[in-house]
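In UniProt numbering, the protein residues as written are 1 to 435.
Listed below in structure tokens is the structure:
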């Protein structure tokens, strides 16, 4: 454990931070949303440094209990690092790591098990919790604690920094959605309240006035004339969501998006400082085992003066060009699917209007929209699943040096594809349809 902690340059406590971050208002005004500190004790804040066995012998690190000096998350991380680097065939240098064994079907999965039960038969406040899993369930995971702030320090201690940062973002995003949802609800209520004063809707629904206007047939064959008031219900529902308040909501959401991004930057910087994970990639992250095993070239590190695996520029360029070509093809495939759905709508609506079935002809537009939406949804889901496998293979082919670089590359590919896949249809409706 000590050897791998030193090799992975884990940050361990060296001195307790004597700065009290508690706000005085928190002591005088109890917050019903805050975590109960009588149940979940606040985690002490330490200054940290990369673990070193020589420094540990000198008493540099704060070790209150040798059994709990390394957290469960750190122990699980070390165990996975060992599994990821261990060879299972000494005659073949490519046969190593738990990932390859999972991919070839030798194992179904590999993950750390929870320690102890998550439920308890007695009061946590009176008798205490048997383990950290009980604390997380009682004060965070169960539905009865939906209104409470998240115990982020305990989540970090149990699951590790990566999972904790995700839940930090999720909590911040949920909190920021509150003003956006309130604004949207106000706009909807405004639409309900002012429906009676909307002139276009009133005129369409007036059977003795403009609503009695005879409209031209919607197709050349088997389509009859129709009255304008037949679209009364559609115009009313449209006004509920699309009224004068919608413009205010659009401006509000533009400001909200900017505030959300800037606020998250501050929150992220705060978390990075408190958890001491700033500059993690440069200082602590090790080389991926897959990179070390695949790369044949080495070069001397000018700082450590040791030979390190190195991927030549020509090889990088070839891999990136190949990945870019495949991504471009997949994006074109998405656009082709959107274009196919558009052609489907044009053809099917004409066929529905031309059918002798009166029920189908009267609801041709609704039937076309519904079937096209279902087809579009199925295509989106199929392409998304297909591209996930493609992006995974392309990212592995690129041979990223560290796990963070691998995740960044994979995330970028999925983000780019999903933006086009999910929003291409909406983009067409907003800027091209009906023009």
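Each residue gets a CB set at the ideal place from its N, CA and C atoms; glycine is no exception.
Own chain residues within Cβ distance below 8 angstroms of residue i, not counting five before or after
i	result
residue 1	70, 75 and 78
residue 203	209, 210 and 211
residue 192	240
residue 243	187, 190, 191, 194 and 198
residue 196	202
residue 232	201, 204, 205 and 211
residue 102	108, 109 and 110
Residue i (DSSP reduced to helix, strand or coil)
i	result
residue 46	strand
residue 33	coil
residue 140	helix
residue 153	helix
residue 406	helix
residue 259	helix
residue 433	coil
residue 309	strand
residue 200	helix
residue 240	helix
residue 60	coil
residue 296	coil
residue 91	coil
residue 355	coil
residue 146	coil
residue 385	helix
residue 457	No statement about residue 457 is possible, as the shown extent of the chain runs from 1 to 435 and does not include it.
residue 82	helix
residue 277	coil
residue 439	Only positions 1 to 435 of the chain appear in this structure, which leaves residue 439 out of reach.
residue 253	helix
residue 13	strand
residue 371	helix
residue 7	helix
residue 247	helix
Proximity winner among the options, relative to residue i (alpha-carbon distances)
i	options	result
residue 312	324, 321 and 299	299
residue 318	211, 398, 63 and 426	398
residue 273	248, 408 and 45	45
residue 165	216, 264, 120 and 384	264
residue 39	217, 129 and 144	129
residue 55	82, 268 and 3	3
residue 329	387, 262, 278 and 43	387
residue 396	377, 295, 314 and 301	295
residue 80	111, 66 and 381	111
residue 156	170, 421, 275 and 385	275
residue 361	306, 224 and 338	224
residue 160	270, 217 and 277	277
residue 172	117, 68, 381 and 266	266
Buried versus exposed, by CB contacts within 10 Å (16 or more), residue i
i	result
residue 389	exposed
residue 358	exposed
residue 151	buried
residue 229	buried
residue 374	exposed
residue 431	exposed
residue 245	buried
residue 106	exposed
residue 16	exposed
residue 7	exposed
residue 425	buried
residue 215	exposed
residue 154	buried
residue 322	exposed
residue 168	buried
residue 146	exposed
residue 261	exposed
residue 91	exposed
residue 104	exposed
residue 149	exposed
residue 178	exposed
Nonlocal neighbours in the same chain, by C-beta distance under 6 angstroms from residue i, ignoring five residues either side
i	result
residue 418	none
residue 235	201 and 204
residue 49	14
residue 251	none
residue 400	406 and 409
residue 413	391
Contact set for residue i: own chain, Cβ-Cβ below 7 angstroms, skip 5 residues either direction
i	result
residue 115	72, 131 and 133
residue 344	372 and 375
residue 31	none
residue 365	349
residue 60	14
residue 308	298, 299 and 301
residue 320	398
residue 368	345, 348, 349 and 352
**Request:** Could you tell me whether the region 10-19 touches the region 85-104, using the rule of 3 or more Cβ pairs below 8 angstroms?
**Result:** Of all C-beta pairs linking the region 10-19 to the region 85-104, fewer than three are shorter than 8 angstroms, placing the two stretches out of contact.
**Request:** Please determine if the region 347-355 and the region 287-296 are in contact, where contact requires at least 3 C-beta pairs separated by less than 8 angstroms.
**Result:** No, the region 347-355 is not in contact with the region 287-296.
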